[in-house]
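Remarks on the structure that follows.
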Amino acid sequence: MHYFSSTAIRAASYDVSTRVLSLQFTSAVKWYDYPGVPRHIYQGLLDATSKGTYFNRYIRDQYSVAV
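Counting from 1 along the sequence shown, just add 264 to a position and that's the residue number in the numbering used here.
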């Protein structure tokens, strides 16, 4: 689990075996799961200067969300 000081994303975790990226946004308490996300996309989120910009560019419209 990684916590961020981002204005968009509070925390993220990734399950390597199922390739599920889980995100908690600053605007919500619940977690959102994104199945099928490759590990390099998760790593890119961790490395990104702007978590929100990275999410919008590489995750939001590329992977389906399960609440």
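We put the beta carbon where it would ideally sit given N, CA and C, even for glycine.
If you're wondering where the values come from, they're calculated on a predicted model, not measured in any experiment.
- V284 is positioned such that its CB atom lies closer than 8 Å to that of Y298.
- The residues Y278, R283, V284, L285, I323 and Y327, in chain order, have a CB closer than 8 Å to that of V301 in the same chain once the five nearest residues on each side in sequence are set aside.
- Runs of the alpha helix (DSSP H) spanning 4 or more residues and lying entirely within the region 270-330 occur at 303-311 and 315-322, in chain order.
- The shortest CA-to-CA distance from I273 to any of I305, G316, Y296 and W295 is the one to G316.
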